[in-house]
Structures are given as structure tokens and as C-alpha cells.
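Data block below; observations after.
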Amino acid sequence: MVETVRWLRENSLSMAFLVLFLLSVGGQAVAGLHDYNDQQLAQGLTPISFLAYVTSSSYAVDVAENWQSEYLQFFLFIMLTVWLVQKGSPESKEPHAAGAETDERQQIGPYSDEDSPKWARVKGPRLWLFSNSLGLVMGTIFVLSWLAQSVAGQAAYNSERLIDLRDPVSWGSYVTSAEFWNRSLQNWQSEMLAVLSMVALSIYLRQRGSPESKPVGAAHTSTGVEG
Amino acid sequence: MRLPLIVLASALAVTGCAPDTGSPARAAERFHAAVTAGQTQAACAMLAPVTAEKLPDPGESCADALRALRFGPGGRVTEVSVWGEDAQVRLAGDTLFLHRFGDGWRIRAAGCTPVRDLPYDCEVED
Chain C
1 MVETVRWLRE NSLSMAFLVL FLLSVGGQAV AGLHDYNDQQ LAQGLTPISF LAYVTSSSYA
61 VDVAENWQSE YLQFFLFIML TVWLVQKGSP ESKEPHAAGA ETDERQQIGP YSDEDSPKWA
121 RVKGPRLWLF SNSLGLVMGT IFVLSWLAQS VAGQAAYNSE RLIDLRDPVS WGSYVTSAEF
181 WNRSLQNWQS EMLAVLSMVA LSIYLRQRGS PESKPVGAAH TSTGVEG
Chain F
1 MRLPLIVLAS ALAVTGCAPD TGSPARAAER FHAAVTAGQT QAACAMLAPV TAEKLPDPGE
61 SCADALRALR FGPGGRVTEV SVWGEDAQVR LAGDTLFLHR FGDGWRIRAA GCTPVRDLPY
121 DCEVED
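Protein sequences, first through last, are from chains C and F.
Going by full-length UniProt numbering, the first sequence opens with residue 1, and the numbers climb by one from there.
Going by full-length UniProt numbering, the second sequence opens with residue 1, and the numbers climb by one from there.
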């Protein structure tokens with residue numbers, strides 16, 4: 001019991017976001033079902049069940065289009081902050097540290113210690129893979145989510161086109177359509193704005209106790225310092 | 001071509017006028033077979049509720065309205081597209097749009113001709 005409580009406390013950030021994610025995705029399913037069935041009834045068509053909705057292309061495209069944009073945001077943030085800097089932001093490295101950095105600073109190879117992950121202590125492809133694993137996984141999830149959005153989106157779009165008495169379109173036509181790019185770009189723009197806000201506002205604003213902020217008393221010019 | 005039509009019309013007589021629980025292609029063929037055989041009452045029973053309701057003019061029955069449209073033969077199925085609960089069936093002589101209701105596939109629109117960049121123009125639609 002004590003062990004469980006301690007484990008929960010030590011992982012409270014992940015657990016909190018997992019619960020928030022599950023509540024949000026469940027809430028989206030319930031609200032989405034009502035919205036979908038409202039439109040079905042307005043068009044003289046039949047409402048569908050909860051199970052039919054959560055396995056439908058309509059729900060899948062709505063979920064996937066948000067996932068891909070979130071993973072794109074974090075992928076770009078992870079990769080661009082290797083080389084690009086923002087003076088004064090806790091989200092950035094010091095300007096002189098731009099780039100992949102030295103082996104010593106990255107604690108790899110001969111500079112690793114006994115607590116270093118196994119693949120950080122070796123050389124070759126395994127070290128390269130582990131050194132880039134975060135970006136690779138985030139980038140892969142982005143690509144797969146975007147692909148899922150395109151497949152589910154084509155199905156949902158074609159269903160709507162048939163309801164509107166129009167011909168369905170091929171996958172190739174769909175991924176070059178205004179519908180697909182409108183769905184993608186409307187999510188991307190908000191993600192880019194959120195990152196820009198975080199990087200820029202954290203230069204001058206503080207949140208006491210948050211590692212996403214500089215210490216309250218830190219100078220506006222100090223970069224890469226987290227509170 | 002006439003033999004399958006007779007078979008379909010006979011099947012209609014046996015099975016009554018229920019919507020098709022099988023495929024949208026078969027529902028489209030059955031609809032056209034009924035219209036061609038003069039069984040417009042049965043054909044009306046295969047329409048989606050809103051389509052059947054909107055088809056007749058005031059004082060006219062659905063069957064009379066369907067008869068007055070003088071549909072040509074549907075012909076063989078050339079292409080079927082199913083996306084979710086909706087489908088488009090192309091016959092040699094017609095294009096139909098269908099929706100899967102709780103009791104099976106029903107015709108939402110028939111007698112449709114394409115209009116560039118716009119929805120099909122249909123003789124019967126919801």
C-alpha cells in the first residue's frame with residue numbers, strides 16, 4: 001500500500017495526464033456521437049450506436065487529426081531546439097550550445113557512467129539509434145497518425161459526399177484535397193502558435209515551482225534555466 | 001437480360017417489398033426490376049422514408065409518382081462504392097445512392113445524372 005502510494009506520487013504527472021486523456025477521449029466520443037446522430041436525423045438518416053460511432057471513420061479522423069498535429073508539434077520542438085535557440089527562454093539552450101553537443105556533455109561512450117543506459121555506453125548504430133530515439137518515435141507516431149487521418153478521412157469524406165449525392169474520391173485525390181489540408185493546417189497552426197507562445201512568453205513571465213518556467217527571480221536574459 | 005429481370009420480379013413477388021438486407025447492388029437491381037415490372041408500390045417500399053415522402057405531389061401516391069417518371073431499364077451493375085453506411089451503385093442505365101437503415105439498404109436517390117463539380121441531378125431524391 002505504501003509502495004503503491006509512493007509509486008503514484010513519483011509518477012503523478014504521467015498518471016494525471018493519462019486520466020485526463022482518457023476522460024477527454026471518452027468525452028469526445030460521447031459528444032461526437034450526439035453531434036453525428038443530430039446530423040443524421042436532420043438528413044433523414046438513421047442514428048448509430050455508441051459502438052458503431054467509436055469504430056467509425058468519422059470518429060477516427062477526428063482523433064487522428066489531433067494526434068498527428070500534437071506529435072508533429074513535439075517532434076519539431078525536440079528537433080529544432082537541437083540547433084535553434086531563443087535567448088532568455090527556459091525552453092532553449094544557451095546560444096553557444098546549439099547543435100548535437102559533445103560526447104562529454106551528452107555522457108556517452110567513454111563519458112558514460114554505470115548509471116547510463118546500456119546503449120549510451122556502446123558505439124555504432126545502437127548509440128545513434130538511442131541518441132535519436134525520442135525524435136524518431138515522436139516523428140514516427142506523427143507520420144502514422146497523419147496516415148491514419150488520411151485513410152479515415154477519405155472514408156468519412158466519401159460517406160459525406162455520397163450523402164450529398166456526389167461521387168466518392170480516391171485516396172490520392174483526398175490527400176491533395178482542400179478538405180485534407182484544411183483539417184491538417186487548422187491543427188498545425190494552433191500547435192505552432194502554442195509553441196511560439198511558450199518559448200516567447202517564458203522569457204518574461206514566470207510560474208513559480210514549474211520546471212517549464214525560469215525561477216521567479218531569474219533574469220529575463222538568462223537562457224536554459226528551469227525553476 | 002429479360003430472364004434475370006423476370007427472376008428478380010418473381011423474387012419481389014415472393015419476398016414482398018422489404019428493403020434489401022444484403023448488398024446495395026442487389027437493392028438497386030431489385031428497385032429497378034420492380035419499376036420495370038410495373039410494381040411501383042413495391043419499389044416505393046424500397047425508398048428511404050424521406051425520399052418516399054418527398055416524391056409525390058400533393059394528392060398523388062408514391063407509386064403513381066414513380067410510374068409517371070417512366071424510368072428506363074437499369075441494366076447490369078457496373079460499379080459499387082460503399083463508404084460507411086452509404087453507397088453509390090452504378091448500373092448501365094442509372095446511378096443510385098443508397099443508405100443502410102436498421103432494416104437494410106434503401107434507395108435515397110435514383111435516376112441520377114452527373115453534374116460537373118456539383119451533386120448529381122436525380123429524378124428521385126431526398
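We treat Cβ as the ideally placed atom computed from N, Cα and C, and that holds for glycine.
Between the CA atoms of residue j and residue i - distance to the nearest angstrom
| i | j | result |
| --- | --- | --- |
| Thr223 of chain C | Ser92 of chain C | 6 angstroms |
| Trp7 of chain C | Leu129 of chain C | 30 angstroms |
| Ile6 of chain F | Ala52 of chain F | Because the pLDDT of Ile6 of chain F is 47, which lies under 50, any placement of that residue in the model is unreliable, and the question is left without a value. |
| Ser49 of chain C | Val30 of chain C | 11 angstroms |
| Val25 of chain C | Leu18 of chain C | 11 angstroms |
| Asp103 of chain C | Phe142 of chain C | 29 angstroms |
| Trp67 of chain C | Leu33 of chain C | 19 angstroms |
| Leu55 of chain F | Val124 of chain F | 6 angstroms |
| Ala87 of chain F | Leu118 of chain F | 18 angstroms |
| Ala65 of chain F | Asp121 of chain F | 17 angstroms |
| Arg100 of chain F | Ser133 of chain C | 46 angstroms |
| Leu47 of chain F | Ser184 of chain C | 38 angstroms |
| Asp126 of chain F | Thr140 of chain C | 44 angstroms |
| Ile203 of chain C | Arg161 of chain C | 48 angstroms |
| Pro131 of chain C | Lys123 of chain C | With the sequence shown as reference, residue 131 of chain C is identified as Ser, and Pro is not the correct amino acid for it. About 11 angstroms. |
DSSP state of residue i mapped onto helix, strand, coil
| i | result |
| --- | --- |
| Glu65 of chain C | helix |
| Thr113 of chain F | strand |
| His220 of chain C | coil |
| Glu226 of chain C | coil |
| Leu165 of chain C | coil |
| Glu160 of chain C | helix |
| Leu118 of chain F | strand |
| Glu123 of chain F | strand |
| Asn11 of chain C | coil |
| Ile48 of chain C | coil |
| Gln20 of chain C | It should be noted that the sequence gives Leu, not Gln, for residue 20 of chain C. Three-state result, Leu20 of chain C: helix. |
| Gly22 of chain F | coil |
| Leu185 of chain C | helix |
| Glu29 of chain F | helix |
| Ala37 of chain F | coil |
| Gly209 of chain C | coil |
| Ser170 of chain C | coil |
| Gln43 of chain C | coil |
| Thr55 of chain C | coil |
CB contact check: residue i to chain F, cutoff 8 angstroms
| i | result |
| --- | --- |
| Gly44 of chain C | yes |
| Glu226 of chain C | no |
| Ala155 of chain C | yes |
| Pro90 of chain C | no |
| Asn37 of chain C | no |
| Pro117 of chain C | no |
| Leu162 of chain C | yes |
| Pro168 of chain C | yes |
| Leu165 of chain C | yes |
| Ser177 of chain C | no |
| Ser150 of chain C | no |
| Ser145 of chain C | no |
Chain C within 8 angstroms of residue i, Cβ atoms only
| i | result |
| --- | --- |
| Leu3 of chain F | With a pLDDT of 47 at Leu3 of chain F, under the threshold of 50, the modelled position of this residue cannot be trusted, and the question is left open. |
| Gly102 of chain F | yes |
| Pro58 of chain F | no |
| Gln88 of chain F | yes |
| Ile6 of chain F | Note that Ile6 of chain F has pLDDT 47, beneath the 50 cutoff, so the model's placement of it is unreliable and no number is given. |
| Ala11 of chain F | Note on Ala11 of chain F: pLDDT 48, under 50, position unreliable in the model; the coordinate value appears next. No, no contact with chain C. |
| Glu123 of chain F | no |
| Phe97 of chain F | yes |
| Val35 of chain F | no |
| Trp83 of chain F | yes |
Distance cut-off 7 angstroms: residue i Cβ against heavy atoms of the ligand GTP
| i | result |
| --- | --- |
| Ala156 of chain C | With respect to the ligand GTP, the structure shown offers nothing to examine, as it has no ligands at all. |
Practice task
Entirely within the segment 82-147 of chain C and at least 4 residues each: give me those alpha helix (DSSP H) ranges in chain order.
Solution key: 103-106 and 125-131
Handout entry: beta strand (DSSP E) runs contained entirely in the segment 41-108 of chain F, provided each spans 3 or more residues
Key = 77-83, 86-91 and 94-101
Problem - the segment 71-83 of chain F in contact with the segment 31-42 of chain F per 3-pair CB rule at 8 angstroms - result: yes
Problem - the segment 50-61 of chain C contacting the segment 150-165 of chain C, beta-carbon criterion three pairs below 8 angstroms - result: yes
Problem - Three-pair Cβ contact test at 8 angstroms for the segment 101-115 of chain C versus the segment 185-199 of chain C - result: no
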